[in-house]
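Using full-length UniProt numbering, you'd call the opening residue of the sequence shown number 1 and step up by one each time. Each residue gets a CB set at the ideal place from its N, CA and C atoms; glycine is no exception. One structure below.
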Amino acid sequence: MSTLTAPPPGFREALAFEWTKFASLRSTRWTTAAVGLVTMAGAVFVGLSGSLQADDTVLGGSLTLSVVSLMISGVVGALTICGEYASGTVTSTFAAVPRRGRVLATKAVLLAGLLFGLSLASCTVAYLLGSAILEDGRYARGEPMPAVLGIAGLFAVVGVLGLAIGVLVRHSAGAVTTVIAVMLLPSLFGPLFGGAQRWIAGATPTAALEKLTQTSDASPDAVGSLGAWPSLALVAAYTVVLLALAVRRLRRRDA
Numbered sequence: 001m002s003t004l005t006a007p008p009p010g011f012r013e014a015l016a017f018e019w020t021k022f023a024s025l026r027s028t029r030w031t032t033a034a035v036g037l038v039t040m041a042g043a044v045f046v047g048l049s050g051s052l053q054a055d056d057t058v059l060g061g062s063l064t065l066s067v068v069s070l071m072i073s074g075v076v077g078a079l080t081i082c083g084e085y086a087s088g089t090v091t092s093t094f095a096a097v098p099r100r101g102r103v104l105a106t107k108a109v110l111l112a113g114l115l116f117g118l119s120l121a122s123c124t125v126a127y128l129l130g131s132a133i134l135e136d137g138r139y140a141r142g143e144p145m146p147a148v149l150g151i152a153g154l155f156a157v158v159g160v161l162g163l164a165i166g167v168l169v170r171h172s173a174g175a176v177t178t179v180i181a182v183m184l185l186p187s188l189f190g191p192l193f194g195g196a197q198r199w200i201a202g203a204t205p206t207a208a209l210e211k212l213t214q215t216s217d218a219s220p221d222a223v224g225s226l227g228a229w230p231s232l233a234l235v236a237a238y239t240v241v242l243l244a245l246a247v248r249r250l251r252r253r254d255a
């Protein structure tokens, strides 16, 4: 008597499965929402407090807290997989979708799509809020397009970066700490490397964000001499490398 074996779920079915898990977890829902809320709240705070520097732009000032939101995006990516390891549901995930590379791919696509859409909307609203609150004509406007698209792309990339780190580390606390370290430590310890500071600090996602937002803090000495878009491409490149390492580890180790 022959036994019929159901084919493994396709990409669309696996993506729907990942969305159901993502939306059902309170931690990921609220953390993702914080990505947009913090960005918009920062625009209101800067506008009402009058803390914008004279040489800054409306775009840069309105997106002051987008640095914090960018870190939260990385944390969302890490929690997406680490939460499953902590609860043990990752075993069920691999049972439902045996192709582990497909599991990681669907998680990456889901995160990238959500974070791109959310950050594009929140950064646009933040810029509009800043433009409405800040005194007209006192500050340079900046060039919001296509910069906002690049910023949204950076948020998506950092979410996938957090996912890759989560797969490699597997523990929520360790993965979150690593994500924050990637964001902050190169800038903090860059001066210890002398002339190499601009290259070390310039390779971080926060440096790419400062260049894209056209903030006055984005000086070559602090964030490197690469342009905004090459910096974004560099962050995307090593994210792809880490994601490939994550796929390899996922296939070689037990759940």
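Could you check which residue in Thr106, Cys123, Ala207 has the C-alpha nearest to that of Thr20?
Thr106
In three-state terms, what does DSSP make of Ala105?
helix
Where Val241 falls, given that 16 or more other Cβ within 10 Å makes a residue buried:
exposed
Could you compute how far the alpha carbon of Arg170 sits from the alpha carbon of Phe11?
24 Å
Straight-line CA distance for Lys211 to Ala78?
25 Å
Thinking C-beta only, is Val67 closer than 8 Å to Leu209?
yes
Distance CB(Val160)-CB(Val75) smaller than 8 Å
no
Neighbour-count burial assignment, Leu188, 16 or more Cβ in a 10 Å radius
exposed
From Ser27, Met71, Arg248, residue whose alpha carbon lies closest to that of Ala156:
Met71
So, Val167 versus Leu65, is the Cβ gap smaller than 8 Å?
no
Kindly identify the DSSP beta-bridge partner or partners of Thr32.
Answer by DSSP bridge pairing: none, since Thr32 is not bridged.
Using the rule of at least 16 other Cβ atoms within 10 Å of the residue's Cβ for burial, across every protein chain shown, is Ser119 buried or exposed?
buried
If you check the beta carbons only, do Val103 and Val109 fall under 8 Å apart?
no
Rounded to whole angstroms, how far is the Cβ of Ser62 from the Cβ of Val46, which I believe are closer than 8 Å?
7 Å
Considering only residues of the same chain and omitting the five flanking positions on each side of Ala218, which have a CB-CB separation below 6 Å?
Glu210, Lys211
Work out the CA separation of Ala43 and Gly137 for me, nearest whole Å.
17 Å
Which full runs of the alpha helix (DSSP H) of 4+ residues lie inside the stretch 115 to 177, going along the chain?
Here the runs fully enclosed are 144 to 169.
Report the three-state DSSP secondary structure of Thr80 (helix, strand or coil).
helix
Considering only the alpha carbon of each residue, which of Ser73, Arg141, Gln214, Tyr127 lies closest to Val158?
Ser73
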